[in-house]
Amino acid sequence: MKKIALGVCSSISIYKACEIVRLFQSEGLGVRVIMTEKATCFINPYLFTSLTGERTVVKLFDDQQRPIEHISLADEIELLLIAPATANIIGKLASGVADDFLSTFYLAVRCPVLVAPAMNESMYLHPQTQENIRKLKTLGVEFVEPDTGYLACGKQGPGRLASPESIVHHGLRLIKSREPFRNKVFLVTAGPTREFLDPVRFISNPSSGKMGYELAREAWQLGAEVILVSGPTSLEVPAGVYLEKVQTAEEMRAAVEKHYTRADVVLMAAAVADFRFKKALSDKVPKSEIAGRLDIEATPDILEELGRQKRRQLLVGFAAETSQLETKALEKMKRKKVDLMVGNDVSRSGVGFGSDDNEVTLSWPDGRFRRIPRASKRKISQEIMAEIEVLLNERKRNS
Ligand code: PMT
């Protein structure tokens, strides 16, 4: 099992470190916690020992420790994350002070280091703290910027520890980033489109955007630059991902076209509405006058257009079907010149539209196919990215 070290300092936001441990564990990673002595005034180390199943390290010299543990532990970890990080630890790291386990350990590790600051806004914005942060950045240390909002001291400003989800998301990018994804641009579409008759009525579908957002999140963690073109959803955009919000198929087409020439990989997970009203009205139409105004026409098929314009881009399409999944997905793959088609049966409950899970059949133009049984959309995204990595490597070999 891959392991990370989590350095925990004395901040009111220390309780969020428990959630950080849990989120890393849910990604299959082991966590070893290192606390500063002052952090133990807020939380007993036994809490982290119970959460992680591993003894929490506090002191540099301790009878229960392995000899020179700051060196042996440094060889075992993939990431050193310090969250919450105080102004004091940031200052010590920047100037090479090694007077406790955590600051000594920082000098011993060779893996990536990620720091998530948490402090009062005056302390955070103090030129000395900012200078320390700048210096650490030049040394290759990465930072998760603190959030702006109400602070424990009652003031408002930057200094609130970033959310555990955002910190873990950044940490996972440092652990998982892989060569075929680095310096690649991934263009992902997600969610439904809305085709309006008037300001309050539209044609749409039940897409929640979950599949597309998971693909965007995964691609970013693997090291790609990610542009997410999203129809209306209630989802939070993964940190690091550039978002373009759209409503209609026409807007989605324009946004996708704008970024297409830069894209290396395009994943069309959006459920683009197939029809729109021939005439959209700016005023709400009275119910009694609706008859005769419902003339519809097909929306542009964005993926088919991308297939026609394709140069070096790798196109991944999705096929949402309620019967004959494989036959229909194959037909769409050929017609839209897709390099990898992801077919999902949207008639089944618990998978497809809106759910956290999916069950898909991948197919390739050479006739191969692979079924992925029901799993979370996160897991399905990881499987899709693994297949994209194979295709990117093949292209590199053949170029
Ligand atoms: O958003 P979720 O709730 O997580 O649900 C996920 C999902 C079911 C929406 C997703 O997994 C999925 O199947 N997305 C594609 C839905 C769809 O529009 O399928 P389709 O078979 O109608 O279209 C085939 C492909 O052409 C798709 O890649 C689609 O994005 C694209 N298309 C379709 C119509 C259109 N006018 N333009 C397009 O580009």
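The numbering of the sequence shown is our numbering, which starts it at 1 and goes up by one.
Backbone N, C-alpha and C define an ideal beta-carbon position, used for all residues, glycine too.
In this text, all values refer to a predicted model and were calculated from it rather than measured experimentally.
Item: Cβ-based burial, R173 [other Cβ within 10 Å; buried from 16]; Value: buried
Item: Cβ-heavy atom distance, T322 to ligand 1, below 8 Å; Value: no
Item: Check: I302 C-beta below 8 Å from any heavy atom of ligand 1; Value: yes
Item: According to DSSP, residues forming a beta bridge with D147; Value: R160
Item: Distance between beta carbons of L23 and V168, contact taken as under 8 Å; Value: 4 Å
Item: Residues near E214 in its chain [Cβ-Cβ closer than 6 Å; skip 5 each side]; Value: K377, R378 and S381
Item: Distance, E387 Cα to F369 Cα; Value: 11 Å
Item: For F186, the first and last residue of its enclosing alpha helix (DSSP H); Value: No alpha helix (DSSP H) contains F186, which is instead part of the beta strand (DSSP E) from V185 to A190.
Item: Beta-carbon proximity check, V144 vs A83, cutoff 9 Å; Value: yes
Item: Those residues which DSSP pairs with P117 across a bridge; Value: A85
Item: Any 3 or more C-beta pairs closer than 8 Å across the stretch 272–286 and the stretch 198–214; Value: yes
Item: Close Cβ partners of V241 (< 6 Å) along its chain, the five nearest in sequence each way excluded; Value: A216, W220, V226 and L228
Item: At least three beta-carbon pairs within less than 8 Å, the stretch 355–368 to the stretch 333–346; Value: yes
Item: Cβ-based neighbour list, G149, same chain, cut-off 7 Å, excluding 5 preceding and 5 following; Value: Q156 and R160
Item: Contacts around E19, its chain only, beta-carbon distance under 6 Å, and the 5 residues preceding and following it disregarded; Value: P164
Item: Per-residue DSSP class, three states only, for F101; Value: helix
Item: Where the alpha helix (DSSP H) containing P45 begins and where it ends; Value: P45 to T52
Item: Exposed unless 16 or more other CB atoms sit within 10 angstroms - verdict on T261; Value: exposed
Item: Cα-Cα separation, L93 to P158; Value: 21 Å
Item: Distance, T299 Cα to S204 Cα; Value: 12 Å
Item: Spatial neighbours of S347 in its chain, beta-carbon cut-off 6 Å, leaving aside the 5 residues before and after; Value: T322
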